[in-house]
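Novice:
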Amino acid sequence: MPVDRERWSPPTPPPRQEPRRVPGALGGSLLWDQPEHAPDRARLLAFVGGEAPLALEIGFDHGVTLLAHARAFPDWRWLGCELRKRRVQAVAPHAPDNCLPLRADARTLLAALLPPGRLARVDILFPTPTEDPRRLLLSPALVLDLGRAMAQGGVVHLETDVPAMAALVADLFRGWAPAPAPPTVPDLSRRQRVARRDGLPTWSLSYARP
Ligand SMILES: C[S@@+](CC[C@H](N)C(=O)[O-])C[C@H]1O[C@@H](n2cnc3c(N)ncnc32)[C@H](O)[C@@H]1O
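Written as structure tokens, this is what we have:
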């Protein structure tokens, strides 16, 4: 059933038992310990190694902004994560060398897979206003994990058309410094396009890691 964006309020996230064993979609962090996922893990670690600044787009969906950013900023590496397999399969063949679209749960990636202090930028465009606590992306645990995986001064950029999501973001990132929105591209994500077409109010929020 579609969620009423005006009335949505965030569910209470489940407590985390053990930070390295992150529950989540796709088997959580345990999945990445399975031998059949060793090649994906090795590809990820090779991609995030090196000196180039690294950006992550969470929930890239059709990949419009991920691919456009990778083409517009070739000196950066653009990692994308998305839960939906078909979206990842559709985007991957179009990715330039500085872009890796990965099928992964962002919560697992941030908590257990990325090296600490590596990310210079994270974009989260129109996170899903779910009513299921197990599927909630934005939570105190995610902000802690962003703090671990991001470099000092790295910027998280979020956009939403859900009033309570904007309030949740402002609350979760209250210990971070408000920052200018990072440079972007004219290409719009699907939700950015819908919001613009329908004249919906949107919030654009950026914070620098303290
Ligand atoms: C509402 S859509 C927005 C898609 C796109 N960012 C846009 O602006 O049009 C949210 C996307 O995030 C993905 N997603 C939700 N939770 C996720 C998670 N934990 N890790 C990675 N992707 C996730 C969903 O599959 C979906 O494609």
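Residues 1 to 210, numbered by our numbering, are exactly what the sequence shown covers, in order. For each residue, glycine too, the CB sits at the ideal point set by N, CA and C.
1. Taking contact to mean 3 or more Cβ pairs, one atom from each stretch, closer than 8 Å, check whether the segment 198-208 and the segment 155-173 are in contact.
2. Looking only at its own chain, which residues have a Cβ that is under 8 Å from the Cβ of E131, when we skip the five neighbours before and after it?
3. Kindly list the residues whose CB is nearer than 7 Å to the CB of E6, restricted to its own chain and excluding five residues on each side of it in sequence; keep chain order.
4. According to DSSP, is D123 part of a helix, a strand, or is it coil?
5. Please classify H69 as buried or exposed, where buried requires at least 16 other C-beta atoms within 10 Å of its C-beta.
6. Starting from the Cα of L56, find the closest Cα among R87, R193, V169, R118 and give me that residue.
7. Return yes when the Cβ of D105 is within less than 8 Å of the Cβ of L79, no when it is not.
8. Looking at C-alpha atoms only, which residue of R134, V169, G59 is the closest neighbour of V88?
9. Look up T160 in the DSSP assignment and give the residues it is bridged to.
10. With C-beta atoms as the reference, is P14 less than 8 Å away from R196?
11. When the distance is taken between beta carbons, is L102 closer than 8 Å to D145?
12. Roughly how many angstroms separate the alpha carbons of V91 and Q152, rounded to a whole number?
13. To the nearest whole angstrom, what separates the beta carbons of V185 and T65, a pair I think is in contact under 8 Å?
14. Is the distance from the Cβ of L242 to the Cβ of R191 below 8 Å?
15. Have a look at L44 and L100 and give me their C-alpha separation to the nearest angstrom.
16. Would A120 pass as a contact of P53 if the rule is Cβ separation under 8 Å?
17. Which stretch, first to last residue, makes up the beta strand (DSSP E) that contains P101?
18. Give me the Cα-Cα distance between A181 and P129, rounded to the nearest whole angstrom.
Specialist: On the basis of the coordinates in this document:
1. In short, these stretches touch, since the Cβ pair count reaches three.
2. Taken in chain order, the residues that qualify are V3, W8, P11.
3. P163
4. strand
5. buried
6. R118
7. no
8. G59
9. In DSSP, T160 forms a bridge with W203.
10. no
11. no
12. Cα-Cα distance, rounded: 30 Å.
13. 7 Å
14. Residue 242 lies beyond the stretch modelled for the chain, which goes from 1 to 210, so this question has no answer here.
15. Each residue's Cα considered, the two are about 8 Å apart.
16. yes
17. Per DSSP, P101 belongs to the beta strand (DSSP E) from 99-103.
18. Each residue's Cα considered, the two are about 22 Å apart.
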